[in-house]
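Visitor: Mind having a look at this structure? Questions to follow.
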Amino acid sequence: MSIIRLNTLKVFCTILAVMCISACEPTIDRQTLVKNAQSATPSDPHLAEIYNRSCRACHATQESTAPLVGDKHTWQPRLDKGMNVLLDSVINGYAGMPPFGMCMDCNAQEFEQLIDFMAKGSS
Ligand code: HEC
4 MSIIRLNTLK
14 VFCTILAVMC
24 ISACEPTIDR
34 QTLVKNAQSA
44 TPSDPHLAEI
54 YNRSCRACHA
64 TQESTAPLVG
74 DKHTWQPRLD
84 KGMNVLLDSV
94 INGYAGMPPF
104 GMCMDCNAQE
114 FEQLIDFMAK
124 GSS
């Protein structure tokens, strides 16, 4: 076997190993995710008040299909859409989410802070 072929094989094996390791990364079970989501609250009292009376009902419950607070794995593809798209989803409603995420008196800045908090699980 030539050196070039051998090197190609080495590269291939390395890629395969990396793919396997990332695929085998332990995923947090749903119950833990729900528990984490339920114990998370924005540090800002005003934001916490809005969050508790609106977003929390869906984004921190076992039954909901909404991305859970702090579930980074689920939030990442949403964040990849860009903040403007996410704001649009909240304001106009999106799939199972009613318009304004049930916070009729929230403004765009508050929504943005709420999204930021929910994606990180802390603020
Ligand atoms: C009545 C339930 C409900 C409430 C209340 C709610 N959401 Fe949602 N939300 C959902 C569901 C369900 C989804 C997932 C929809 C889907 O992708 O199928 C979602 C998705 C989202 C998304 C991702 C949208 C996208 O484009 O991928 C954002 C951002 C979001 N919610 C923010 C909020 C904020 C901020 C609040 C509080 C002001 C809130 N939600 C309140 C149910 C809710």
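Take this note's numbering: the final residue in the sequence shown is number 126, and no numbers are missing along the way.
For glycine and all other residues, C-beta sits at the position ideal for the given N, C-alpha and C.
1. May I ask whether a heavy atom of the ligand HEC can be found less than 7 Å away from the beta carbon of K84?
2. Cβ atoms of G124 and G73: under 8 Å apart, would you say?
3. Can you give me the start and stop residues for the alpha helix (DSSP H) that K38 sits inside?
4. Would you tell me roughly how many angstroms separate the C-alpha atoms of P45 and T17, rounded to the nearest one?
5. Just the Cα atoms here: how many angstroms apart are R33 and L9?
6. Taking its Cβ as the centre, do 16 or more other Cβ atoms sit within 10 Å of R59, making it buried, or is it exposed?
7. Residue range of the alpha helix (DSSP H) that D91 falls in?
8. Answer with buried or exposed for H62, where buried requires no fewer than 16 other C-beta atoms within 10 angstroms of its C-beta.
9. Of the choices C106, D119, G99, whose alpha-carbon is the least far from that of S67?
10. For T35, which of L89, L71, Y54 has the nearest alpha-carbon?
11. For M2, which residues does DSSP report across the bridge?
12. Do L82 and A40 have their C-beta atoms closer together than 8 Å?
Guide: The relevant details are as follows:
1. In terms of side-chain proximity, the C-beta atom of K84 is found nearer than 7 Å to a non-hydrogen atom of the ligand HEC.
2. Yes, these two residues count as a Cβ contact at 8 Å.
3. Its alpha helix (DSSP H) spans residues 33-42.
4. Roughly 42 Å separates the two Cα atoms.
5. CA-to-CA, the gap between R33 and L9 works out to about 43 Å.
6. The residue is buried, with at least 16 neighbouring Cβ atoms inside 10 Å.
7. D91 -> alpha helix (DSSP H) spans 86-95.
8. Classification of H62: buried, given that the 10 Å Cβ count is 16 or more.
9. Closest in alpha carbon position to S67, among C106, D119, G99, is G99.
10. For T35, the nearest C-alpha among the options comes from L71.
11. Here the chain comprises residues numbered 4 to 126, so residue 2 is not present and cannot be evaluated.
12. No. Outside cutoff.
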